[in-house]
Structure formats: structure tokens, C-alpha cells
Amino acid sequence: MSPSNANGPMMEITTALLQKYSKPGPRYTSYPTAPYFSESFGEVRWLEELRATQDSGRDLSLYVHIPFCDTLCWYCGCNMVATRNYSRATEYLDYLFKEIDAVAALTNPARQAKQLHWGGGTPTYLHPDDIRRLFAHIASRFPISADAEKSCEIDPRELTREHVMALRESGINRVSLGVQDLDATVQEAVNRVQPESLIREVYGWMREARFDSINIDLMVGLPHQTVEGFRSTLERVVDINPDRLAVFNYAHVPWMKKHQLLIQEESLPGLETRMALQQLIMEKLTAAGYVYIGMDHYAKPDDEIVRAQEAKTLYRNFQGYTTHKNSDLYAFGASSISQTDEVFVQNHKDIKRYQGLVTEGRLPVERGLRVSAEDKLRRDAITRIMCDLELDKAAFGRQWNIDFDAYFADALAELKEMEGDGLVELSPGKVAVTQIGRIFLRNIAMPFDAYLKAKADDKPRFSKTL
Ligand code: SF4
5 MSPSNANGPM MEITTALLQK YSKPGPRYTS YPTAPYFSES FGEVRWLEEL
55 RATQDSGRDL SLYVHIPFCD TLCWYCGCNM VATRNYSRAT EYLDYLFKEI
105 DAVAALTNPA RQAKQLHWGG GTPTYLHPDD IRRLFAHIAS RFPISADAEK
155 SCEIDPRELT REHVMALRES GINRVSLGVQ DLDATVQEAV NRVQPESLIR
205 EVYGWMREAR FDSINIDLMV GLPHQTVEGF RSTLERVVDI NPDRLAVFNY
255 AHVPWMKKHQ LLIQEESLPG LETRMALQQL IMEKLTAAGY VYIGMDHYAK
305 PDDEIVRAQE AKTLYRNFQG YTTHKNSDLY AFGASSISQT DEVFVQNHKD
355 IKRYQGLVTE GRLPVERGLR VSAEDKLRRD AITRIMCDLE LDKAAFGRQW
405 NIDFDAYFAD ALAELKEMEG DGLVELSPGK VAVTQIGRIF LRNIAMPFDA
455 YLKAKADDKP RFSKTL
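Numbering of the sequence shown is given in my numbering, commencing with residue 5 and proceeding in unit increments.
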């Protein structure tokens, strides 16, 4: 099982490799990562930042968090509340609208939103009329550019065709469907039962609505997953033929997400199985014509995300990979994270606290961080690795006015060992990620992370990289 690829022959993923590199590490949707945000950076400083950056010339990216779900998936790592009481969502929308209004009032009206994303929780928890109402409200407060990428996460359960049409009529042009695994035993073991017939019906509605792009999310590392079972899932999903696929690794962090204790640890696939699953995914999806972007993401060769990677214009933010690099991210709703070039802030996670602050006319910021000059430099190095899959040392050195080899001597020493393991190729001019290295991107980025070098006691606990 050694198919060739653009980077030469693909190496086998061995158990030893997985054992060595399966260790806690960030996903780098930001750098510094969210555990380093501090309550000492709160609402007042965020207001200052908002006022100071309105003439930056940067576009906007808008995120809306809907934290409600009908039921709890036991693997869930999101900020959400399971409730059947829909009045909680209508009440929440009132606060969300107020927060949107408050930030819009501070925003230069000439700035256009180039990207809009609804996540959760479950955005399609909202009834179709509320979907329309939410979109109309956002569009009434922020100019959304005609070519904006407007995306929404979809849970196929409890979904109707009317939900899908409401999204499309509202202007949503990209959707992402949560499938995870089609195996009934796995679905039952994580409390998320959604038969293939349901997935296909929902997918049919999505194609009928003519979204520009449909993504399917899968997950590996779930209880009772086997290579044979997941092979069947992959074959059926490839047959459904989405434009993009994301195959996430389940992050078992019961110390952070108590409900994950409902998952029997002994039912989780062991290292051998996880290794075989990684190999299977890469082989099956590349054989089916998908390009492996990195960090669990696959897309068809003509997808703009593939073109952006080739053109080195891909970027990473809290929604994952994006083609919109020079945007400020304004995020609304409980737990959501906003970002300018120099600042991150996160809203309160607790819905009551979030709503209470909005009632008082406050911006509901819980914590944040202003990045240092060194953070920016390291962020750029990590972003280049995660997005371009290579780093031109001379160009980087010129841009940041450093001697790359001297500045990153520690990181290069760590990467040397990874070169021996086939994850990277080091040349005098370049750090290049190999095809197999794409599975280990988090590990390859970690040597550039200064925060991970802090004393062990000061470090937050991250999920495992694999
Ligand atoms: S639908 Fe998504 S957010 Fe809701 S419980 Fe399941 S995994 Fe979590």
C-alpha cells in the first residue's frame, strides 16, 4: 500500500510513527491558541481595538454561533446546550441581534463582509423563519459582498427541506453536513443515529438547492470503529460525491468535556486501528480524486481551496481553512471568538452570562489577547506550514528581518528528527511537508510554538494530535 503522489512515493504510516507523534497539541486555528487568552484583556480593550481598526482597509468575516442542539452527541467538543425548548433559541436571537447591532454601530460602513459562517451547536436548530430572520438582520447591518462565501453547518437529523431552502433563499452558498460515520453501531455508541437514507435525502435537497459547495464531515477515532466498517463508510460517502470532505480525529478530552465519560474508553479504537484508518482515508480519498489539503481536509482538484493552496493564499482561522486572508473576524454569540490582525477576544461561554451582559448594553467579552511582534512572526511560520505545506526560509527571513536558521535553530533541530521519519524535507532554502507529513501537520507546526516551551505546569492540556 504505497501509492505515489505529487510529493513522490507515499510512505506507510507505521504504528511506531503514530505512537511517536500521537501527543497533545493545538489545532492552530489561532496562534497564540485560545487557552492563552486572558481575562485581563476584556471589553474595554476590545472596544479600543474596534475603534482603532476601522480604517485598516481589511475586509470583514462574520461568524454567528447558535449554541443549541436537540440532543447531545457524546463525542461533542463544541460549546452547546441540548434542549427541546425552542423558546430558548428565539430568546437568544434577540440578544444576538443586539450584539450584532452594537458591533455594527462601531464598524466603518464601507467595510464589506467577504465571508459569513454559521456554526454551533446546530445552526439548523433554528426554524426556517428564524433562519431567514437572522440572515436578513445581519445583511441589514453589514454590507455583504456579492461574491461572499456564506456557509452554514447542517445536522441532518430533525432537518426539513424547508430548512435547506430557507438557507439557500437567504443567500447561504456553502453547506457542511455532519455525517461522522455511517456504521449503525458507531452511531449508537455516540448517541447520533442518522441512517444513510436520511443523509442521502438531505444531500438531495442540498443539491436541489444548488449550493456552490457541499462538504461532508466525518470523524475517526470513535467507539467501535473498525477498518472494514470505515472503508464501507468512505465508499458510500465517495459515492454521495461531496465537493469537500473533512475527516476529523475524535478528541477524547473527558477532563474538559465531562459528557465524553459516556463513551466507554475500552470501545475506542487502539493505535493499530487508528493507524490503519489514517492510511485508509488517505488512500481511498486520493484514489477517488480528492486532494489532501492537510489538517483533515480534502477537496476536489478544481476547488478554490486547492487553487488557494497552490497560489499560497490559503489562511487559517477559527472556522478552519479560508481563502480570505486579510479579514477581521467579528464573531457573535456565546463563546464565539473575534479576531483582528493583533487581537483575539472570546465571548462568554455561558448563555445566561452572555445574555445578561448584552442586556446591560455591554459587549459580552470574557477574555482576549493582544499578540506580540514575536507572536506574529511565529504565527506566520505556523500558518505557512499549515496552509502552504512549505516554508521558504529566505523569503520568510527577509519579510521578518531575521536570520531564519539562527532564529529557529531549536525548531529546525526538532524538524531534523521529523525529516528522518519522513514527515518533512529540509533543504538549505526550504522546509517542505511530505505527503505523509500532512497527517502530522500539528506536530510539524509545534516546534515553532514558543508557548509550548513554557514550563509543563503552566501549559494547558490539548487533545492528541492523532
Ligand atoms: S450536533 Fe454538533 S454541536 Fe450538537 S451535540 Fe452533536 S456534535 Fe455537538
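Here a beta-carbon is modelled for each residue, glycine too, at the ideal position from N, C-alpha and C.
DSSP three-state assignment for residue i, whether helix, strand or coil
i: Pro127; result: helix
i: Val257; result: coil
i: Glu43; result: coil
i: Phe452; result: helix
i: Glu358; result: The sequence shown places Tyr at residue 358, not Glu. In the structure shown, Tyr358 sits in a helix (DSSP, three-state: H, G or I).
i: Glu166; result: helix
i: Phe444; result: helix
i: Ser8; result: Any reading at Ser8 must be qualified, since the residue scores a pLDDT of 37, below 50, and its modelled position is unreliable; the value itself is stated next. Strand, per DSSP.
i: Leu272; result: coil
i: Leu289; result: helix
i: Gln264; result: helix
i: Ser376; result: coil
i: Tyr334; result: strand
i: Gln439; result: coil
i: Asp151; result: strand
i: Glu429; result: strand
i: Glu314; result: helix
i: Ala385; result: helix
i: Gly365; result: coil
i: Thr19; result: helix
Under 9 Å between C-beta atoms of residue i and residue j
i: Leu416; j: Phe444; result: no
i: Gly81; j: Gln323; result: no
i: Met279; j: Ile440; result: no
i: Trp78; j: His263; result: yes
i: Arg145; j: Ile104; result: yes
i: Glu47; j: Leu373; result: no
i: Met169; j: Ala140; result: no
i: Gly175; j: Ile218; result: no
i: Gln23; j: Asn112; result: no
i: Met4; j: Arg446; result: With the chain covering only 5 through 470, there is no way to say anything about residue 4.
i: Gly401; j: Asp392; result: no
i: Glu394; j: Val437; result: yes
i: Gln116; j: Ala143; result: no
i: Leu120; j: Ile70; result: no
i: Phe452; j: Arg371; result: no
i: Asp134; j: Thr94; result: yes
i: Leu171; j: Thr126; result: no
i: Tyr358; j: Ala377; result: no
Rounded separation between residue i and residue j - CA only
i: Ala398; j: Asp425; result: 25 Å
i: Leu54; j: Phe72; result: 28 Å
i: Ile158; j: Val310; result: 23 Å
i: Glu270; j: Met84; result: 26 Å
i: Asp385; j: Glu162; result: It should be noted that the sequence gives Ala, not Asp, for residue 385. Computed Cα separation, rounded: 43 Å.
i: Leu181; j: Tyr90; result: 22 Å
i: Met450; j: Arg88; result: 41 Å
i: Leu284; j: Asn253; result: 14 Å
i: Arg235; j: Gln198; result: 18 Å
i: Tyr96; j: Tyr334; result: 18 Å
i: Lys353; j: Leu430; result: 42 Å
i: Arg196; j: Gly225; result: 15 Å
i: Lys118; j: Val369; result: 24 Å
i: Asp98; j: Ala250; result: 33 Å
i: Asp307; j: Asp247; result: 8 Å
i: Leu281; j: Arg240; result: 16 Å
i: Asn9; j: Lys304; result: Note that Asn9 has pLDDT 41, beneath the 50 cutoff, so the model's placement of it is unreliable and the number below is only indicative. Their Cα atoms are separated by approximately 15 Å.
i: Lys331; j: Glu232; result: With the sequence shown as reference, residue 331 is identified as Ser, and Lys is not the correct amino acid for it. Rounded to whole angstroms, Ser331 to Glu232 spans 43 Å at the Cα level.
i: Ala458; j: Tyr40; result: 12 Å
i: Ile297; j: Ile220; result: 15 Å
i: Val362; j: Phe336; result: 11 Å
i: Leu275; j: Ala108; result: 49 Å
i: Ala292; j: Tyr67; result: 32 Å
i: Gln313; j: Gln229; result: 32 Å
i: Cys156; j: Thr75; result: 19 Å
i: Val206; j: Ala86; result: 22 Å
i: Thr33; j: Glu166; result: 33 Å
Paired residues, beta bridge with residue i - DSSP
i: Asp396; result: Lys434
i: Gln472; result: The structure shown does not extend to residue 472, since the chain is modelled only from 5 through 470, so no value can be given for it.
i: Cys156; result: Trp122, Val179
i: His301; result: Ala250, Gly298
i: Ala410; result: Looking at the DSSP assignment, Ala410 forms no beta bridge with any residue, so it has no partner.
i: Tyr325; result: Arg320
i: Val85; result: Phe72
i: Gln483; result: Summary: the structure shown does not reach residue 483, with the chain confined to residues 5 through 470, and so no result is reported for it.
Residue i beta carbon near the ligand HEM (any heavy atom closer than 8 Å)
i: Tyr90; result: No copy of the ligand HEM occurs in the structure displayed; its ligands are the ligand SF4 alone.
Length at least 3, wholly inside the segment 98 to 149: the beta strand (DSSP E) runs in chain order
With a minimum length of 3 residues, the unbroken runs of beta strand (DSSP E) contained wholly in the segment 98 to 149 fall at 117 to 124.
Quick one: which unbroken beta strand (DSSP E) runs of 3-plus residues sit fully inside the segment 192 to 250? Chain order, please.
Listed in chain order, the complete beta strand (DSSP E) runs (minimum 3 residues) inside the segment 192 to 250 are 217 to 224.
For the segment 23 to 73, list the alpha helix (DSSP H) runs that are entirely contained and at least 4 residues long, ordered along the chain.
If we require 4 residues or more, the alpha helix (DSSP H) runs fully inside the segment 23 to 73 come out as 47 to 56.
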